[in-house]
Each structure stands twice: as structure tokens, then as C-alpha cells.
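Taken in sequence, the protein lines are chains A and B. The first sequence begins at 137 in my numbering and counts up one residue at a time. The second sequence begins at 147 in my numbering and counts up one residue at a time. All residues carry an ideal CB built from backbone N, CA and C; glycine is no exception.
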Amino acid sequence: MALKQSGLGAETPWTKSVVMQRQIDMLCNCVEDYNPLFLDEEIAEASANKGVVAPPTFINCFRDYKTMLLISELGVDMPMLLHGEQVIHYYKPVRPGDTVWQRIKIVEMGRKKSKTYKEMDYFVVLITMKNDAGEKLVEATQFFFVRDKQ
Amino acid sequence: MEEQKISYTKRLAVPEKHVVEPKNEGPYFEDVEVGLELELKKPPITRLQIAHFATASGDLNPSHVDEDIARDIGKMGGIFAHGMLGMGMVGQVLTDFLWDRPLRMFSTRATIIVRPGDSLTCFAKVTRKWCEGDDNLVEFACGAKNQRGEITHEGKAIAVLPHRQIAVHDNLTQPYLLQHRVIG
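Encoded structure:
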């Protein structure tokens with residue numbers, strides 16, 4: 137296995153940030169998803185959401201120290217990395233102006249058989265996002281493959 | 147200084163065909179049937195779009211933004227889109243339908259890579275309805291396929307939908323029960 141096994145259990149520090157409407161705008165722009173519930177205060181306020189909420193994949197826009205974690209703790213050769221599965225669980229809505237805390241942890245690693253690449257290293261990260269009160273907002277599990285160098 | 151309010155369509159220069167008409171409310175649990183199918187055709191993915199996603203997500207892996215490294219070191223024949231860009235599009239087919247009804251869970255698995263020029267058709271189908279505690283849950287099998295019909299993403303989502311308040315409906319099949327206050 138090319139990945140450094142010492143990386144299992146490594147985690148980024150909890151990082152604090154304030155959710156900006158501009159971040160949501162950027163995500164909606166590139167997905168070309170202009171749902172006003174993500175973008176328009178007045179329309180969102182009139183809905184059951186009672187205000188703007190972030191789109192379902194917004195957690196992907198929080199990755200402080202993630203590259204450092206993968207490169208230095210796991211020794212991932214980034215061009216060989218492939219994304220597999222992502223599972224996101226939602227607990228509370230994330231809104232512009234919210235202060236959020238986020239951490240990424242390597243929770244599993246190993247080697248797997250692949251139809252296309254015979255065998256590959258894999259690892260799983262857990263991304264947790266909490267609010268200032270320590271309540272869980274969103275949690276995502278991401279499964280990555282690392283192809284062997286030919 | 148006071149912030150000037152500009153509509154989101156102007157702020158983001160939303161093309162007219164992409165403007166989403168606001169709904170009064172999302173669907174109710176009793177109106178969603180198992181087997182209901184949803185579909186959303188997205189325009190071809192551009193290199194600029196992938197670059198924008200790299201900026202928005204902070205994922206600047208050279209596989210997505212550097213043609214030379216993606217081709218020569220990654221041996222992928224050139225850059226390809228982030229799996230999460232496609233997941234965002236699959237999310238859209240769900241949230242367009244659900245409107246303000248919240249998701250409890252959403253997952254996708256990237257099955258094959260998506261390259262610039264590929265156009266995704268996102269789909270979702272209601273596969274199950276059930277109640278759990280206070281929540282009424284609807285499960286979708288969802289994903290995306292490219293212009294050749296190959297599945298690029300496959301996954302699952304679970305949404306929480308309310309039921310309308312109970313009432314005596316006009317189409318009551320046994321009106322004599324009402325007369326006898328059986329349902330009162």
C-alpha cells in the first residue's frame with residue numbers, strides 16, 4: 137500500500153468560519169442551479185425555510201487543511217486521486233451569516249479491488265460541521281481511491 | 147453605508163431560461179407516490195465551469211484544472227470534472243422538486259469520470275415512503291447519466307415531507323359515519 141498507514145485517525149484542527157452568501161452564490165453559479173431558496177432573502181423568508189439556506193452539497197466548499205491532511209499525513213499523490221462515494225447527513229440548515237466549525241478526519245483506509253484499475257488504495261474521510269453551540273449541522277463521509285503509479 | 151439590494155437574478159446575471167419560478171410550498175407526503183420520476187437535463191459541462199467549481203469548492207486538484215498534469219502524471223487523458231459538481235446537479239433535480247422540504251440524507255457514488263463537453267441528465271425516482279418517529283420520509287434513487295446513456299453518478303436521498311392537517315373531505319365514502327359523529 138502506497139498510502140502512509142500512520143495517517144489513519146489524523147484530523148484537521150476545528151476551523152471556524154462565517155458562511156457568506158457569496159460562497160453560496162459561487163456554488164450555485166457553477167452548478168447553474170439558481171433556486172431562489174439559496175439566493176433570495178425575500179422568497180426564502182416566505183418559504184417554510186424562513187430564510188436562505190445553503191444547497192445540499194455546500195459542505196464540499198469547506199476544506200480547510202484538507203489538502204495538507206491528504207498530502208502530508210497520507211502521502212496522497214493528488215493526480216492519482218479519484219473520488220468514489222459521498223454520503224451527506226443533514227441535521228440543521230446552514231445559513232448565510234452562521235458561524236460554523238468544521239473538521240476533517242481520516243477514519244478508514246485500505247486496499248480494494250477495482251474493475252478498471254485491478255487494485256487501488258482507498259481511504260475515507262469524515263467531515264463534520266457544527267454550529268457555535270456545538271450542535272451538528274451536517275456530516276459527510278467521503279470515499280476516495282488512489283490509483284497505483286504505473 | 148447602507149447595502150444596496152439587488153435581485154439575485156441581476157447579482158448572478160442568471161440567464162432567463164435558468165430563472166426558477168418560486169413555489170408557494172413544497173410537496174406533501176400524501177401527494178408523492180412511489181414510482182414518481184423526475185428528470186433534469188443540464189447543458190454540456192465546460193472547462194470554465196470546472197475551473198469555477200474548483201474555486202467555489204477550493205478543490206484545486208490538478209486532475210481538474212491542469213491539463214498537462216492530468217494527462218502526463220495522472221494518465222487520465224486530460225482534465226475531468228469534480229465528482230461533486232455532478233453531485234450538485236443531482237441535488238438540483240431533488241431540490242427543484244422538494245422546494246422547501248428538507249433532505250435528511252443524500253449520497254452519490256461517482257461511477258465514471260465526466261469530461262468537459264459531457265452533458266448530464268439527472269434523474270430521481272421515489273422508491274419508498276414510510277414514517278419514522280414524527281417524520282414522514284420519502285426515499286429517492288437518484289443519479290445522472292451522460293449523453294451516451296452511461297451512468298456517471300448513482301445514489302440515494304431521503305427527504306422529510308409533511309402531511310396536510312386532517313379534515314373531513316368532500317369525497318367521504320361513508321357519510322353516514324359523519325352523521326353519527328363516529329369520526330367526531
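Using C-beta distances below 7 Å, list every residue in its chain close to residue i, excluding the 5 sequence neighbours before and after it, in chain order.
i, result
"residue 140(B)", "Residue 140(B) lies beyond the range of chain B shown here (147 to 330); nothing can be said about it."
Ordered along the chain, which non-local residues of its own chain (more than five positions away) have a Cβ less than 6 Å from that of residue i?
i, result
"residue 209(A)", "143 and 146"
"residue 148(A)", "201, 205, 239 and 240"
"residue 232(A)", "155, 157 and 188"
"residue 243(A)", "260 and 262"
"residue 237(A)", "150, 152 and 266"
"residue 227(B)", "191, 196 and 260"
One question on the structure: do residue i and residue j come within less than 8 Å of each other, judged by their Cβ atoms?
i, j, result
"residue 260(B)", "residue 201(B)", "no"
"residue 249(B)", "residue 305(B)", "yes"
"residue 225(B)", "residue 213(B)", "yes"
"residue 167(A)", "residue 229(A)", "no"
"residue 277(A)", "residue 223(A)", "yes"
"residue 180(B)", "residue 274(B)", "yes"
"residue 258(A)", "residue 246(A)", "yes"
"residue 175(B)", "residue 307(B)", "yes"
"residue 313(B)", "residue 219(A)", "no"
"residue 280(B)", "residue 190(B)", "no"
Can you pull the chain B residues whose beta carbon is under 9 Å from the beta carbon of residue i, in chain order?
i, result
"residue 184(A)", "171, 172, 245, 246, 247, 248 and 308"
Taking DSSP as the reference, what is the three-state secondary structure of residue i?
i, result
"residue 178(A)", "helix"
"residue 158(A)", "helix"
"residue 226(A)", "strand"
"residue 211(B)", "helix"
"residue 169(B)", "coil"
"residue 227(B)", "coil"
"residue 219(B)", "coil"
"residue 242(A)", "strand"
"residue 278(A)", "strand"
For a contact meaning CB atoms closer than 8 Å, what does residue i contact in chain A?
i, result
"residue 260(B)", "Those do not exist, as residue 260(B) stays about 11 Å from chain A at its closest Cβ, beyond 8 Å."
By the 10 Å Cβ neighbour count, where 16 or more other Cβ atoms means buried, how is residue i classified, buried or exposed?
i, result
"residue 184(A)", "exposed"
"residue 285(A)", "exposed"
"residue 97(A)", "This structure cannot speak to residue 97(A), because chain A is shown only from 137 to 286."
List the residues of chain A that residue i touches, going by C-beta distances under 7 Å, in chain order.
i, result
"residue 154(B)", "172, 175 and 176"
"residue 205(B)", "199"
"residue 208(B)", "214 and 215"
"residue 193(B)", "Going along chain A, no residue has its Cβ under 7 Å from residue 193(B), so there is no contact; the nearest lies around 12 Å."
Under 7 Å Cβ-Cβ, which residues of chain B neighbour residue i?
i, result
"residue 193(A)", "230, 233, 234 and 237"
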